[in-house]
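K.L.:
Under this note's numbering, read the sequence shown as residues 59 to 605, first letter to last.
In this text, a Cβ means the ideal position worked out from N, Cα and C, and glycines have one as well.
Have a look at the structure that comes next, please.
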Amino acid sequence: MALDSNSADLTNASLGSSFTDVDVVVVGAGFAGMYMLHRLRSLGYTAQVFESGTGVGGTWYWNRYPGARCDVESLEYSYSFDEKLEQEWEWTERYSGQPEILAYANHVADRFELHKDIQFETRVEAAKFDEEEKLWRITTSDERVTTCRFFVMATGCLSSAAMPEIEGIASFNGSLIHTGRWPKEGVDLKGKRVAIIGTGSSGVQAIPVIAKECEQLTVFQRTPQYTIPARNEPLTPERQSDVKSRYRNFREANFSMPQALGSETPKFNDSVYDVSDEERSARFEEAWNRGGTLFMASFNDVLVDETANTYAQDFVRAKISEIVEDPEVAQLLTPEHIIGCKRLVIDTDYFETFNRSNVDLVDVSSDPIVRINETGLATKSSQYDFDVLIFATGFDAMTGSILKVDISGRDGLRIQDKWAAGPRTYLGLTIPGFPNMFTISGPGSPSVLTNMIISIEQHVEWISDCIVSLDDRGAETIEAQVEAENSWVDHVNSKADRTLFPSCNSWYLGANVPGKTRVFMPLLGFPGYVRRCEQVVENDYEGFVIK
Ligand code: NA7
């Protein structure tokens with residue numbers, strides 16, 4: 059039995075195995091932590107969420123940079139677990155911007171009264187499994203220890219901002235900002251000389267918006283980016299009410315898609331080789347005009363066959379040279395790598411922005427950044443001065459926030475040691491050696507290759523059903539077996555190896571973080587994954603030891 063989290067004033071040393079502060083501690087109050095809390099409470103469990111920010115929303119709380127926008131359509135990127143919520147919330151655009159998604163997260167928190175069980179401005183620093191008592195002891199930045207039976211890491215996949223180690227960074231006299239830690243109060247860029255390092259999704263979204271606001275923008279690019287127009291537009295009331303009138307069917311159709319999204323976007327099951335040159339170009343052109351990441355679904359082999367991929371590459375390269383007026387700039391903006399193996403970006407006026415007179419592009423692959431100094435930065439050949447330096451340099455994705463917590467499981471096994479050669483999980487949900495601990499959208503699950511909110515819901519429901527099942531049978535612990543983990547890791551790798559995904563330096567592989575082991579972390583294919591999770595339960599939690 060659990061005590062009310064606020065009334066528990068016991069020293070942990072006096073606690074017995076059936077006597078904990080709360081049933082479940084959840085780390086993070088993003089979309090995963092919020093639904094986990096709601097679901098646990100509705101099943102009668104007590105839960106305490108710890109969140110380092112001052113509000114809910116996770117990645118949408120932190121990523122307030124100008125232009126931040128979701129690359130999944132609004133009517134899909136929303137919770138599906140509550141029909142009233144689904145009906146009452148009105149989205150305004152095809153792809154929601156960060157302020158609207160954060161407003162939605164706040165609406166959900168208010169609607170389900172989540173705040174009372176979330177402790178904000180509190181970081182979980184350590185978590186230790188007590189084998190004798192069969193409970194977890196969670197140490198937080200306020201120097202308290204909370205005990206719980208179950209421990210859920212809902213820390214998000216893109217929440218640990220990655221800052222490159224560039225000499226002299228502390229000497230810069232101007233403002234230095236990471237896109238993933240954009241100040242809540244905003245940043246006035248009017249009349250400022252701004253520099254931005256990084257042209258991933260964050261850079262590509264921010265650059266066109268910042269260029270319109272600031273006096274001068276210098277973009278430091280290491281790798282050019284393939285990006286497809288988002289074609290964002292206001293969501294018409296007709297489209298919104300149409301989807302709302304058949305939301306269950308719409309959700310189910312998306313649930314059966316490989317990425318849990320896009321059931322109404324045309325997709326094709328033929329090869330680039332099956333059609334004429336004219337048809338191929340017309341197909342890509344339609345996808346370009348339609349906008350969105352499903353450009354890659356124009357043919358069935360673009361992401362699996364290197365030569366097939368070159369047709370898509372060539373199409374986008376031709377677009378860049380059409381849009382960008384200065385041929386030298388166009389050349390610098392033209393990627394050479396495989397399209398889609400780094401996450402495909404969607405944009406609004408990205409390439410067009412380089413036609414503005416106040417935007418300069420510096421290729422730091424040929425002229426590397428050497429150091430940051432008081433007035434700006436020095437590349438090997440030149441000095442650039444500016445007032446604001448923006449790092450759009452991405453995240454220590456998928457594992458960064460888990461590894462920041464000092465987690466030790468059975469026999470004192472530390473997660474940092476367990477994952478020294480890269481993350482290993484069973485189902486992306488559990489880790490042998492760490493009983494009663496779960497990771498939502500962890501490495502080895504479809505997570506970032508899907509509509510994240512839908513993947514989150516599937517994980518939250520699996521975890522809470524698992525906890526109920528343990529209680530129904532009077533069991534205390536569940537722990538994944540190493541054999542199950544080994545075959546799961548093989549499964550995740552073999553899926554990735556059948557595609558072009560492992561062939562370039564992406565954050566999916568951890569290749570953007572110096573020293574991080576190169577492992578393709580997400581699992582391809584949502585419906586197959588969901589079936590597998592269901593089978594595990596049907597086979598009485600196959601691959602787990604329950605005691
Ligand atoms: P990404 O996609 O990891 O992009 C980071 C960018 O920063 C990328 O262009 C990197 O170049 C660049 N980068 C990183 N370190 C450096 C250094 N030291 N010097 C120069 N350039 C550097 O992160 P985002 O935040 O844009 O997007 C992450 C995801 O969030 C995105 O995929 C969406 O799902 C939402 P590189 O390519 O490594 O040469």
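T323: beta carbon under 7 angstroms from a heavy atom of the ligand NA7?
P.N.:
No - the ligand NA7 has no heavy atom lying nearer than 7 angstroms to the Cβ of T323.
K.L.:
List the residues that DSSP assigns as beta-bridge partners of W194.
P.N.:
According to DSSP, which records beta bridges pairwise, W194 is partnered with F187, C206.
K.L.:
Can you tell me which of G125, Q317, L293 puts its alpha carbon nearest to the alpha carbon of R152?
P.N.:
That would be L293, whose Cα lies nearest to the Cα of R152.
K.L.:
Tell me whether W240 counts as near the ligand NA7, meaning its Cβ is closer than 7 angstroms to at least one heavy atom of that ligand.
P.N.:
W240: no, Cβ never under 7 angstroms from the ligand NA7.
K.L.:
Please indicate yes or no: does the CB of L216 lie closer than 7 angstroms to some heavy atom of the ligand NA7?
P.N.:
The answer is yes for L216.
K.L.:
Short of 7 angstroms in beta carbon distance, which residues of its chain neighbour S411, apart from the five on each side in sequence? Order them along the chain.
P.N.:
It is worth fixing the name first, because residue 411 is Thr in this sequence and not Ser. These residues qualify, in order along the chain: I265, P266, A269, V417.
K.L.:
Does the ligand NA7 have a heavy atom nearer than 7 angstroms to the CB of V252?
P.N.:
Not under cutoff, so the answer is no.
K.L.:
State the DSSP-derived secondary structure class of F89, mapped to helix, strand or coil.
P.N.:
Three-state result, F89: helix.
K.L.:
Would you give the residue range spanned by the alpha helix (DSSP H) that Y369 belongs to?
P.N.:
Here the alpha helix (DSSP H) through Y369 covers 364-381.
K.L.:
Please classify K400: is it buried, with 16 or more other beta-carbons within 10 angstroms of its beta-carbon, or exposed?
P.N.:
Classification for K400: buried.
K.L.:
Going by the beta-carbon positions, is the gap between F409 and I381 smaller than 8 angstroms?
P.N.:
Going by C-beta atoms, F409 is nearer than 8 angstroms to I381.
K.L.:
Who are P287's beta bridge partners in DSSP?
P.N.:
Per DSSP, D405.
K.L.:
Relative to the C-alpha of G256, which candidate in T237, D246, K248 has its C-alpha closest?
P.N.:
Among T237, D246, K248, the Cα nearest to that of G256 is on T237.
K.L.:
With distances taken from CA atoms, which of V166, G232, L507 is nearest Q145?
P.N.:
Comparing Cα-Cα distances from Q145 to each of V166, G232, L507, the minimum goes to V166.
K.L.:
Can you tell me whether K476 is buried or exposed? The criterion is at least 16 other CB atoms within 10 Å of its CB, across all chains shown.
P.N.:
With 16 or more other Cβ atoms within 10 Å, it is buried.
K.L.:
In three-state terms, what does DSSP make of F602?
P.N.:
If DSSP states are grouped into helix, strand and coil, F602 belongs with the strands.
K.L.:
How should Q593 be labelled, buried or exposed, when 16 other C-beta atoms within 10 angstroms of its C-beta is the threshold for buried?
P.N.:
Exposed, since its Cβ has fewer than 16 Cβ neighbours within 10 Å.
K.L.:
Taking Cβ to Cβ, would you say F453 is nearer than 8 angstroms to A219?
P.N.:
For F453 and A219, yes; Cβs fall inside 8 angstroms.
K.L.:
Which residues share a DSSP beta bridge with L21?
P.N.:
Because the chain spans 59 through 605 in this model, residue 21 falls outside it and cannot be assessed.
K.L.:
Run through DSSP, which three-state label would E151 get?
P.N.:
E151 falls in the strand class under three-state DSSP.
K.L.:
Examine the ligand NA7 and report whether any of its heavy atoms sits within less than 7 angstroms of the Cβ of V422.
P.N.:
Yes, Cβ of V422 sits closer than 7 angstroms to a heavy atom of the ligand NA7.
K.L.:
Per DSSP, what kind of secondary structure is T483 in: helix, strand or coil?
P.N.:
In this structure, T483 counts as coil in the three-state DSSP scheme.
K.L.:
With a floor of 4 residues, list each alpha helix (DSSP H) that falls wholly inside the region 92-138, ordered by position along the chain.
P.N.:
You should have 117-120.
K.L.:
Taking just the CA atoms, how far does T204 sit from S75?
P.N.:
Note that S75 has pLDDT 41, beneath the 50 cutoff, so the model's placement of it is unreliable and the number below is only indicative. If you take the alpha carbons of S75 and T204, they lie about 13 angstroms apart.
K.L.:
Considering only C-alpha positions, which residue in the set P585, K605, C272 is nearest to S415?
P.N.:
The shortest C-alpha separation from S415 is found at C272.
K.L.:
Under 8 angstroms, Cβ to Cβ, is there at least one residue of chain C near T488?
P.N.:
Considering every chain present, this structure includes no chain C. It has just one protein chain.
K.L.:
Taking the C-alpha atoms as reference points, what is the distance between A538 and P490?
P.N.:
So the alpha carbons of these two residues sit roughly 5 angstroms apart.
K.L.:
Apply the 10 Å Cβ neighbour rule to Q279 and answer buried if 16 or more other Cβ atoms are within range, or exposed otherwise.
P.N.:
Its Cβ being crowded by 16 or more others within 10 Å, Q279 is buried.
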